[in-house]
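One structure is given below, encoded as structure tokens.
Number of protein chains: 2
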Amino acid sequence: MWGIIATWRMALEGVTRVSTQLERGGDAASAVVDAVADVEDFPFYKSVGFGGLPSENCEVELDAAFMDGGSLAFGAVGNLVDIANPVKVAHALSRERFNSLLVGKGAREWAVEQGFAQKKMLTERAIGHYKKRCRDTIDQGLSPYDGHDTVGMVSLDRQGGMSVATSTSGLFMKRRGRVGDSPIIGSGFYCDNEIGGATATGVGEDLMKGCTSYEIVQRMGRGMTPQQAADSVVLELEDKLMKRFGRCGDLSVVCMDKDGHFGVGTNIKTFSFVVATSQLMPTVYLAERVNEHTIYQRADEIWLADYEQRIREPIDGVLYYD
Amino acid sequence: MWGIIATWRMALEGVTRVSTQLERGGDAASAVVDAVADVEDFPFYKSVGFGGLPSENCEVELDAAFMDGGSLAFGAVGNLVDIANPVKVAHALSRERFNSLLVGKGAREWAVEQGFAQKKMLTERAIGHYKKRCRDTIDQGLSPYDGHDTVGMVSLDRQGGMSVATSTSGLFMKRRGRVGDSPIIGSGFYCDNEIGGATATGVGEDLMKGCTSYEIVQRMGRGMTPQQAADSVVLELEDKLMKRFGRCGDLSVVCMDKDGHFGVGTNIKTFSFVVATSQLMPTVYLAERVNEHTIYQRADEIWLADYEQRIREPIDGVLYYD
Chain A
1 MWGIIATWRM ALEGVTRVST QLERGGDAAS AVVDAVADVE DFPFYKSVGF GGLPSENCEV
61 ELDAAFMDGG SLAFGAVGNL VDIANPVKVA HALSRERFNS LLVGKGAREW AVEQGFAQKK
121 MLTERAIGHY KKRCRDTIDQ GLSPYDGHDT VGMVSLDRQG GMSVATSTSG LFMKRRGRVG
181 DSPIIGSGFY CDNEIGGATA TGVGEDLMKG CTSYEIVQRM GRGMTPQQAA DSVVLELEDK
241 LMKRFGRCGD LSVVCMDKDG HFGVGTNIKT FSFVVATSQL MPTVYLAERV NEHTIYQRAD
301 EIWLADYEQR IREPIDGVLY YD
Chain B
1001 MWGIIATWRM ALEGVTRVST QLERGGDAAS AVVDAVADVE DFPFYKSVGF GGLPSENCEV
1061 ELDAAFMDGG SLAFGAVGNL VDIANPVKVA HALSRERFNS LLVGKGAREW AVEQGFAQKK
1121 MLTERAIGHY KKRCRDTIDQ GLSPYDGHDT VGMVSLDRQG GMSVATSTSG LFMKRRGRVG
1181 DSPIIGSGFY CDNEIGGATA TGVGEDLMKG CTSYEIVQRM GRGMTPQQAA DSVVLELEDK
1241 LMKRFGRCGD LSVVCMDKDG HFGVGTNIKT FSFVVATSQL MPTVYLAERV NEHTIYQRAD
1301 EIWLADYEQR IREPIDGVLY YD
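In order, the protein sequences belong to chains A and B. So the first sequence is residues 1 to 322, counted in the numbering used here. So the second sequence is residues 1001 to 1322, counted in the numbering used here.
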């Protein structure tokens, strides 16, 4: 048995590619790192890696993390500028005894020192998005914050190994130096071979208030199915934040247990996610909440074709080729 | 009923001062922020704020956090340079809807923009420590990492409000950009009015692997006493890390529940902590682990006097006056 689950449709190509590795006995750590790196490399996924949307000062600051479910070792980077694959830096940091979480200038220095590829991560298309957003919000006195689609993946390999990885450019129009949940252990990701793993996407500031990924793993450990754990954590966190904090942003999660069973929870209209296992070809699902439960179904051909077109749409009438 | 519990002897003066505020009905948020700021201001506490030990490149990069147990709102800063009171910046960030966790250059920009006092935080005495450490370790090919005493405080006020705050200069000789558990929600701190709060100190990289503070609060929520929760979380995390990761650093925690009962857990020889409640004058305790349980007793006059002398000792024969 092997399996991999990932947030958002953007994970499909990476998940498909590493499925063949997992089928042949490849390890979960390489699977999540390679598949997340594929998402980072693709210019039309505007919330992760190359082509990711910039912060309010029009710089692309990237966050990423990796955790090994066996040793519980993790590595994470925040606000990393112009390094091609933040998830690979996070993976390398997970092998360090100290300094596992590095941010900003120090993260970049370490990555360069270790020989990770440098790359200008801000694209013309992302600048197009930025300019449009400034005009539509700040220039009119509105809140500019929007968009926060982190790619997160949990994988189980045939040897029983499990890993989780995340990568994001963070909240669109975020302040310089803002770190969301994606590189924060417990909130954006958590994994324990003996139980399972989970990862989250949405408004990081709210996901962190509930230590969302850790809580899902703990609930699986106490006997909930992955679906019960994912669904109940999202529902209860939303209820609690509405009652205590008065507001709650988008919250979506996926998880997988040590037997390859998966779960999903969301409070938004359409949360897409991707699953592949030894019994299931790579498949895109669409989840939504209905009557206090998250339900999901396979994305149909029309939705998938619309998606392909939407991510390449012109911005302000300009067609960008990457 | 009111109460406040804090990590390490260094918290004593701050805890003593805010005890009178709490006695008069002052709120828990002001108590933890004011008391932590006192620790930040005192030059002879070498792991927090002014006089804090520098990173490997001899810069003082400070981490701090604040969480309100009512709204679950939190604010945190990482790698903040030359701002007098990081905990006050964290407290202010907890009132923001987005960008609650800010690091590095962006954290400093925001703090300056908001008018927080700037201050050169590196002292001559800290440089003395740094030079000695380089000579004793790096120059001899040894690991330089040492020292990581975070001040963390949990408070309950007469109105039933609870808050937690932390502040640290982080692991001595850390890499530039390294963030430990202190500004990480769930790991370094967590607080929920309806249950209680917890905060941790020790090797952040290991404390984070167990989402230590969140886990303590959850166990109190499921009916453990604060002492059972603190003690069992430290013991189990150490066991798990030894088994799975092969190593485990220093782990110490304190917690308080919504009724003002407190707990402590540690795996080191002498972990000092400070408690004051409506029934207890500010008191320094010394904790240690004996037969798989954390036990503690009041610090005696000799220990307290030795401490006063030790923090002011000459470094390499030089007596620094701050």
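Note that the Cβ used here is the ideal one computed from N, Cα and C, for glycine as well.
Close-in-space but distant-in-sequence residues of the same chain around residue i (CB under 7 angstroms, 5 per side omitted)
i	result
A:Gly128	Ile315, Asp316, Val318 and Tyr320
A:Glu292	Leu235
B:Tyr1296	Val1264, Tyr1285, Leu1286 and Ala1287
B:Pro1054	Val1060, Leu1122, Ala1126 and Tyr1130
Straight-line gap, residue i to residue j (C-alpha atoms, nearest Å)
i	j	result
B:Thr1212	B:Ala1165	15 angstroms
A:Gly25	A:Gly210	35 angstroms
A:Met10	A:Asp41	11 angstroms
B:Pro1091	A:Leu142	At residue 1091 of chain B the sequence reads His, which differs from the Pro that was named. Straight-line Cα distance between these residues: approximately 25 angstroms.
A:Ala35	A:Val18	6 angstroms
B:Gln1228	A:Gly223	23 angstroms
A:Cys58	A:Trp8	25 angstroms
A:Ala299	A:Ala230	20 angstroms
B:Gly1051	B:Val1039	10 angstroms
B:Asn1085	B:Ala1065	11 angstroms
B:Pro1043	B:Gly1078	20 angstroms
A:Pro144	B:Gly1070	28 angstroms
A:Val89	A:Lys120	16 angstroms
B:Gln1279	B:Gln1159	16 angstroms
A:Ile184	B:Val1254	22 angstroms
A:Leu304	A:Tyr45	15 angstroms
B:Tyr1214	A:Gln309	43 angstroms
B:Val1217	A:Met242	21 angstroms
A:Leu22	A:Gly196	17 angstroms
B:Gln1105	B:Gly1177	Looking at the sequence itself, residue 1105 of chain B is Lys, so the reference to Gln does not match. Whole-angstrom Cα-Cα distance: 10 angstroms.
A:Val103	B:Val1179	7 angstroms
Where the alpha helix (DSSP H) containing residue i begins and where it ends
i	result
A:Met208	Gly204 to Lys209
A:Gln21	Leu12 to Glu23
A:Met242	Pro226 to Arg244
B:Cys1134	Glu1124 to Asp1136
A:Arg289	No alpha helix (DSSP H) contains A:Arg289, which is instead part of the beta strand (DSSP E) from Leu280 to Val290.
B:Met1220	Thr1212 to Gly1221
B:Ile1302	Glu1301 to Arg1310
B:Val1032	Ala1028 to Asp1041
B:Val1048	Element bounds for B:Val1048: n/a, residue is neither H nor E.
A:Lys88	Pro86 to Leu93
Cβ shell of residue i (< 6 angstroms), same chain only, five flanking positions each side left out
i	result
B:Gly1260	Met1001, Gly1003, Leu1156 and Thr1277
B:Thr1016	Pro1282
A:Val274	Ala6, Ala11, Leu12, Val15 and Val284
B:Met1067	Phe1074, Val1164, Phe1189 and Cys1191
A:Ala107	Val77 and Leu80
B:Phe1172	Leu1053, Asp1146 and Gly1147
A:Leu62	Leu80, Pro86 and Ser169
B:Thr1150	Thr1166, Thr1168, Ser1182 and Thr1201
B:Leu1101	Ala1076
A:Asp257	Gly196, Met220 and Pro226
B:Asp1327	There is simply no residue 1327 of chain B to check, as chain B begins at 1001 and stops at 1322 in what is shown.
Spatial neighbours of residue i in its chain, beta-carbon cut-off 8 angstroms, leaving aside the 5 residues before and after
i	result
B:Thr1270	Leu1286, Ala1287 and Glu1288
B:Phe1116	Ile1083, Ala1084, Asn1085, Lys1088, Val1089 and Ala1092
A:Ser94	Phe66, Met67, Asp68, Ala73, Phe74, Gly75 and Ser100
A:Val233	Gly210, Thr212, Glu215, Ile216, Arg219, Val253 and Gly265
Bridge-paired residues (DSSP) for residue i
i	result
A:Arg178	B:Leu1102
A:Asp257	A:Gly196
B:Ala1165	B:Phe1066 and B:Met1153
B:Val1077	B:Ala1064 and B:Leu1102
A:Leu251	A:Gly202
A:Ala6	A:Met153 and A:Val274
A:Tyr321	DSSP, once it has assigned bridges, lists no residue as partnering A:Tyr321.
A:Cys191	A:Gly197
A:Gln118	A:Ile83
B:Ile1315	B:Val1318
A:Met185	Note on identity: in this sequence residue 185 of chain A is Ile, with Met being the wrong assignment. Per DSSP, A:Phe189.
A:Asp146	A:Phe172
Residue span of the beta strand (DSSP E) that contains residue i, given as start and end
i	result
A:Ile295	His293 to Arg298
A:Val274	Phe271 to Thr277
A:Gly265	Phe262 to Thr266
Residue i beta carbon near the ligand GDP (any heavy atom closer than 7 angstroms)
i	result
A:Arg175	Questions concerning the ligand GDP fall outside what the structure shown contains, since it holds no ligand whatsoever.
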